[in-house]
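Enquirer: For the sequence shown, the numbering used here gives the first residue as 20, with consecutive numbering after it.
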Amino acid sequence: MKITVITVCFNSVKTIERTIKSVLAQNYSELEYIIIDGGSTDGTLDIIRKYKENLSVWISEPDDGLYDAMNKGLAKATGEVFAFLNSDDYYTENVLERVNEYFKTDDVDMVSGNMYICAEGTVKKAVYDKSNRENLFFGVVYPHPALFAKRELYIKYGGFDTSYKIAADSDWVMKVCLNGAKVICVEDYFTYFSDGGISSRKQYLALEEEYRMALKYAKLSAYAHMEKRVREFYPAQLKMVERRERKRNAIEKRTDDIKKLFDYSKAYYIWGIGNRGMECMELFEYLGLRIVGFIDSYKEKAQIRGYQVIKPENADLQDPGIRICITPKGYEEEIIRRLKDTGVETGRSFTYAELLDQMISLGSIES
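#1: Let me check understanding here. Comparing Cα to Cα, which of Met20, Val42 and Lys33 lies closest to Thr26?
#2: Whose C-alpha, out of Leu302, Gly291, Asp335 and Asn154, is nearest the C-alpha of Gln322?
#3: What number of angstroms, rounded off, separates the C-alpha of His163 from the C-alpha of Gly178?
#4: Would you grab the beta carbon distance between Met20 and Asn119 for me? Rounded to a whole angstrom, and I think it's under 8 Å.
#5: Going by alpha carbons, who is nearest to Tyr208 out of Tyr176, Tyr230 and Phe167?
#6: I'd like to know whether the C-beta atoms of Tyr211 and Tyr287 end up nearer to each other than 8 Å.
#7: Quick one, which of Ile341, Glu332 and Tyr305 has its alpha-carbon nearest Val311's?
#8: Have a look at Ala186, Asp190 and Leu234 and flag the residue whose alpha-carbon is nearest the alpha-carbon of Gln222.
#9: Of all the alpha helix (DSSP H) runs that stay within the bounds of the stretch 307-369, which reach a length of 4 or more residues?
#10: What span of residues does the alpha helix (DSSP H) with Leu172 cover, start to end?
#11: Secondary structure at Asn105, three-state DSSP: helix, strand or coil?
#12: Taking the straight line between their C-alpha atoms, what separation do you get for Ile390 and Ile289?
#13: Within a Cβ cutoff of 8 Å, which residues of the same chain sit near Asp148, ignoring the five residues on either side of it in sequence?
#14: Hey, which unbroken runs of the beta strand (DSSP E) at 3 residues or more fall wholly within the stretch 152-215?
#15: Taking the alpha-carbon positions, what's the Tyr283 to Arg309 distance?
#16: Need the endpoints of the beta strand (DSSP E) that Met89 sits in, please.
#17: Are Leu74 and Ile55 closer than 8 Å when you measure CB to CB?
#18: Going by Cα to Cα distance, which pick from Asp338, Gly382, Met378 and Leu381 is closest to Ser368?
#19: When the Cα of Lys95 is compared with those of Arg152, Val24 and Val114, which residue comes out closest?
#20: Is it the case that the Cβ atoms of Ile22 and Gly98 are separated by a distance below 8 Å?
#21: What does the alpha-carbon distance come out to for the pair Asp376 and Ile277?
#22: Going by other Cβ atoms of all chains shown within 10 Å of its Cβ, with 16 needed for buried, is Arg68 buried or exposed?
#23: Do the CB positions of Thr63 and Asp107 come within less than 8 Å of each other?
#24: Around the Cβ of Asp335, are there at least 16 other Cβ atoms within 10 angstroms (buried) or fewer (exposed)?
#25: Is the separation between the beta-carbon of Arg103 and that of Ser59 shorter than 8 Å?
#26: I'd like to check one pair, Met245 with Ala255: are the Cβ atoms closer than 8 Å?
#27: Taking the C-alpha atoms as reference points, what is the distance between Ser316 and Lys330?
#28: Can you give the beta carbon distance from Ala269 to Gly382, rounded, assuming they're within the 8 Å contact cut?
#29: Below 8 Å on the Cβ atoms is my contact criterion, and I expect Val202 with Asp126 to pass it. Report the Cβ-Cβ distance as a whole number of Å.
#30: Less than 8 Å between the CB atoms is what I'm expecting for Ala138 and Asp82, so what's the real figure, rounded?
#31: Looking at the strands, I want to know which residues DSSP matches up with Val249.
#32: Can you give me the start and stop residues for the beta strand (DSSP E) that Ser380 sits inside?
#33: If Tyr371 sits next to Cys344, beta carbons under 8 Å apart, how far is it from one beta carbon to the other, in whole angstroms?
#34: Quick one: what's Glu228 bridged to in DSSP?
#35: Would you call Glu264 buried or exposed, if buried means 16 or more other Cβ atoms sit within 10 Å of its Cβ?
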């Protein structure tokens with residue numbers, strides 16, 4: 020079975036060679052490898068030329084974005100099965116041979132594998148819930164860099180909708196799946212995916228596109244019941260990402276204004292050693308605040324990054340030079356009452372949620 024792998028790239032000199040090598044190292048006899056470059060100027064073309072004898076097709080010319088380039092690759096592909104591998108991702112060993120065997124086992128249209136996520140020097144297994152097709156309305160189910168699809172699907176449903184700038188691959192997968200394409204999901208890791216740390220701004224734009232996409236497909240008669248869930252899910256997700264972006268902008272660009280929210284003559288306890296407590300610690304360290312330590316009712320650790328973790332009854336809460344930041348979400352009122360009962364004056368404690376609201380008011384979503 021002939022398999023076409025398409026890599027789209029632009030100024031990818033730091034990663035493209037690893038990608039190319041991972042494809043050519045497959046030693047798959049019926050491989051067609053196509054590279055579509057958008058007119059790179061950083062040395063990417065020199066690397067591509069090193070391997071041109073092993074490439075079926077490669078072109079370098081300006082395009083109208085990622086999905087326009089991917090459509091160019093489709094126009095030149097002649098395989099029975101197509102796959103897209105990003106220019107900073109790479110395959111595991113013998114993927115194509117394994118994919119070939121999976122297509123033999125059943126009459127399927129697509130084979131969906133798993134991915135390793137590579138970020139900041141770590142590698143971890145990505146987790147996707149593929150058990151329910153309706154999950155397609157709420158995020159990635161069949162990750163595109165680990166998806167192999169038959170040529171007939173592209174003939175029947177066309178290529179990628181270039182009106183999307185970030186989510187056209189998700190749109191294509193959703194379209195073919197909701198129209199009945201048969202997918203087998205295998206517990207096999209096909210791809211190392213390089214997570215470059217997508218910005219909150221791009222996450223926001225991606226969610227906007229996914230919202231538009233999900234509403235479009237919810238109007239199909241078979242999935243009309245999904246529209247209410249879609250309209251509840253995406254606005255909440257967009258609000259969360261917007262808050263995160265506003266917080267980031269405030270920290271990076273309004274640091275002096277954030278510092279004005281604190282009394283630097285005081286020292287600070289952080290109540291709670293959960294994720295929000297750790298986030299609060301990192302913020303306080305960045306701002307140069309003096310941290311006394313952590314307070315936690317369920318003491319699990321003697322120290323965290325050099326700070327002592329103590330139970331509330333052992334904390335010096337009566338010291339007027341101490342302030343307390345309460346981080347556990349949903350327990351703020353209970354902790355405030357507890358502090359009041361022990362004689363801590365109003366104004367000496369505040370919640371992390373209140374602090375975040377103040378910081379977010381300083382930030383803004385940028386274009």
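Just so it is clear, CB atoms sit at the ideal spot from N, CA and C, and this is done for glycine as well. Here the structure is a predicted model, which is why all the values come from computation and not from measurement.
Expert: So, from the listed chains and residues:
#1: Val42
#2: Gly291
#3: 14 Å
#4: 5 Å
#5: Phe167
#6: no
#7: Ile341
#8: Ala186
#9: 351-360
#10: Arg170 to Tyr176
#11: coil
#12: Beyond the ends of the chain as shown, which are 20 and 386, falls residue 390; an answer cannot be given.
#13: Asn154 and Val160
#14: 166-169 and 202-213
#15: 8 Å
#16: Met89 -> not in any beta strand (DSSP E); alpha helix (DSSP H) instead, spanning Leu85 to Lys95.
#17: no
#18: Asp338
#19: Val24
#20: yes
#21: 11 Å
#22: exposed
#23: no
#24: exposed
#25: For the sequence presented, residue 103 should be read as Phe rather than Arg. No, they are not a contact pair.
#26: no
#27: 5 Å
#28: 4 Å
#29: With a Cβ gap of about 12 Å, Val202 and Asp126 do not count as contacting.
#30: Between Asp82 and Ala138 the Cβ distance is about 28 Å, and since that is not below 8 Å, they are no contact.
#31: BP columns for Val249 are empty, so no partner.
#32: Note, Ser380: premise wrong, no beta strand (DSSP E); alpha helix (DSSP H) at Tyr371 to Leu381.
#33: 6 Å
#34: According to DSSP, Glu228 bridges with nothing at all.
#35: buried
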